[in-house]
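No gaps in the numbering here: position 120 of the sequence shown is 120 in full-length UniProt numbering, and each next residue is one more.
Glycine residues also receive a C-beta, built at the ideal position from the N, C-alpha and C atoms.
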Amino acid sequence: MTKRNHYLIPFALALLTLILVAGCQPKESTNTLQAGEGFAEVEGGKIWYKVSGSGDAVPLVLLHGGPGVGSIYLKPFEDLSSDRPVIRYDQLGCGKSDYISDTTLFTVDRFVGELEALRNHLGISKWHIMGHSWGTMLAAAYYEAHQDAVASLTFASPCLVSQDWMSSTRELLESFPDSLKQAINEAEISGDFSNPGYETAMNMFYENYVWGANPPAADFDSTITTMNNEIYGYMWGASEFNVTGTLETFDATETLKKINVPTLFTAGEFDEIKESYVRKWADMVPGSKVEIIDNAVHLTTWGNPEKTIAVQRTFLNQLEE
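In structure tokens form, the structure reads like this:
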């Protein structure tokens with residue numbers, strides 16, 4: 001062995017050690033994202049996600065409603081990808097993500113962990129969060145657990161206190177014919193929801209306050225066919241106006257009082273969650289803003305997508321001026 005090689009061996013070993021150590025370090029968190037779609041491993045299976053847009057602006061993640069509905073109705077928010085990356089994903093059990101029926105996975109905490117796993121998978125340090133309906137429950141719970149990862153919050157058509165939500169929908173039902181109200185009451189007492197009167201009332205309620213009279217046919221069909229009714233029934237209940245599942249006692253008021261990031265509340269003019277409840281919750285968040293989307297029901301992206309996206313764009317862009 002030459003003298004030169006004698007000195008090179010320790011150097012090579014040291015270099016190899018540095019490479020191995022560097023390879024074992026956790027992935028550095030960054031906001032630089034590239035457009036594309038894929039799957040992320042989470043507790044219970046794999047979730048599908050799509051990144052629209054690219055760059056290092058703080059990204060926006062979309063939390064769909066349900067629970068168990070899927071994200072396709074939130075597609076219009078991808079128009080914001082000209083300003084920043086927009087992340088749309090299907091929560092485990094619905095949409096393009098793995099289907100699940102194990103009720104031990106139907107918990108708020110697991111859905112929070114799923115969202116955090118997605119953030120780590122994408123290597124994001126901070127993101128804006130837009131939750132819609134049940135997604136606002138998830139957004140509030142995620143903020144409680146991972147405040148440092150949240151740049152701003154949008155509570156769209158929020159459901160932040162289950163009992164308030166039920167009060168709102170019950171108030172709307174007061175305008176229904178007595179025969180339909182009776183059919184609803186009888187179905188809820190008996191547990192038999194096959195009554196034609198109940199189905200008529202459900203269809204009327206959904207058309208008036210949830211998805212509107214003329215939802216986009218393709219997106220509507222996809223939403224219905226990829227929905228997980230087991231998750232919805234277990235966590236929420238049989239209908240929008242009667243919460244009997246595990247979310248029955250959900251109440252985010254204490255979390256709302258602690259929020260210290262820019263926050264926007266939105267709702268449709270004819271939403272199933274009435275404006276009075278939205279403003280009640282907004283009053284708990286110092287400095288929050290409220291925007292009502294005219295000519296829209298609960299799914300504002302189907303009723304008035306232009307106004308919905310414009311409001312969200314203005315809110316986010318003003319944060320960076």
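- Query: Between Lys27 and Gly123, what straight-line distance do the alpha-carbon atoms span, to the nearest angstrom?
  - Reply: Note on Lys27: pLDDT 41, under 50, position unreliable in the model; the coordinate value appears next. When rounded, the distance between both Cα atoms is 7 Å.
- Task: Quick one: give me the first and last residue of the beta strand (DSSP E) that Gly44 is part of.
- Result: Unbroken run through Gly44: none, as it is neither H nor E.
- Item | Selection from Phe77, Asp83, Glu43 and Arg119 that minimises the alpha carbon distance to Glu306 | Phe77
- Message: Please classify Arg170 as buried or exposed, where buried requires at least 16 neighbouring CB atoms within 10 angstroms.
- Response: With a 10 Å radius around the Cβ and a threshold of 16 neighbouring Cβ atoms, Arg170 comes out exposed.
- Please determine if the stretch 65 to 72 and the stretch 94 to 106 are in contact, where contact requires at least 3 C-beta pairs separated by less than 8 Å. yes
- Message: Let's test the definition: count the other Cβ atoms within 10 Å of the Cβ of Gly304 and tell me whether it reaches 16, buried, or not, exposed.
- Response: The question names Gly, but residue 304 in the sequence shown is Asn. By the neighbour-count rule (16 or more Cβ atoms within 10 Å), Asn304 is buried.
- Query: What did DSSP end up calling Tyr232 once you bin it into helix, strand or coil?
  - Reply: helix
- Assign Thr154 to buried or exposed, taking buried as 16 or more other Cβ atoms, counted over all protein chains shown, within 10 Å of its Cβ. buried
- Query: By Cβ distance, which residues of its chain are closer than 7 Å to Ile100, with the 5 residues on each side in sequence left out?
  - Reply: Closer than 7 Å at Cβ, skipping near neighbours: Gly44, Gly45, Leu92 and Gly93.
- Task: Would you list the residues sitting across from Val51 in a DSSP beta bridge?
- Result: Gly36 and Ile87
- Query: For Asn172, which residues of its own chain have a beta-carbon under 7 Å away from its beta-carbon, when the five flanking residues on both sides are left out?
  - Reply: The question names Asn, yet the displayed sequence has Leu at residue 172. Apart from the 5 residues on each side of it in sequence, Leu172 sits with its Cβ closer than 7 Å to the Cβ of Tyr209 and Glu272 in its chain, given in chain order.
- Query: Anyone know if the C-beta pair for Val297 and Trp211 falls short of 8 Å?
  - Reply: yes
- Query: Starting from Gly268 and walking both ways along the alpha helix (DSSP H), at which residues does that stretch end?
  - Reply: It is not in any alpha helix (DSSP H) - Gly268 instead sits in the beta strand (DSSP E) that spans Thr263 to Gly268.
- Query: How long is the line joining the alpha carbons of Val290 and Thr104, rounded to whole angstroms?
  - Reply: 36 Å
- Query: Which stretch, first to last residue, makes up the beta strand (DSSP E) that contains His128?
  - Reply: Trp127 to His132
- Give the secondary structure of Thr223 by DSSP, where H, G and I count as helix, E and B as strand, and everything else as coil. helix
- Query: Which one of Ser190, Ala140, Ile189 and Leu299 has the shortest CA to CA distance from Leu256?
  - Reply: Ala140
- If I'm right that Ser175 touches Gly197 with Cβ under 8 Å, what's the distance once you round it to whole angstroms? Actually they do not touch by this definition, with Cβ atoms about 16 Å apart.
- Task: Assuming Val58 contacts His128 (C-beta within less than 8 Å), just tell me the rounded distance between them.
- Result: 6 Å
- Message: Considering only DSSP beta bridges, list what Phe155 is partnered with.
- Response: Gly131 and Phe265
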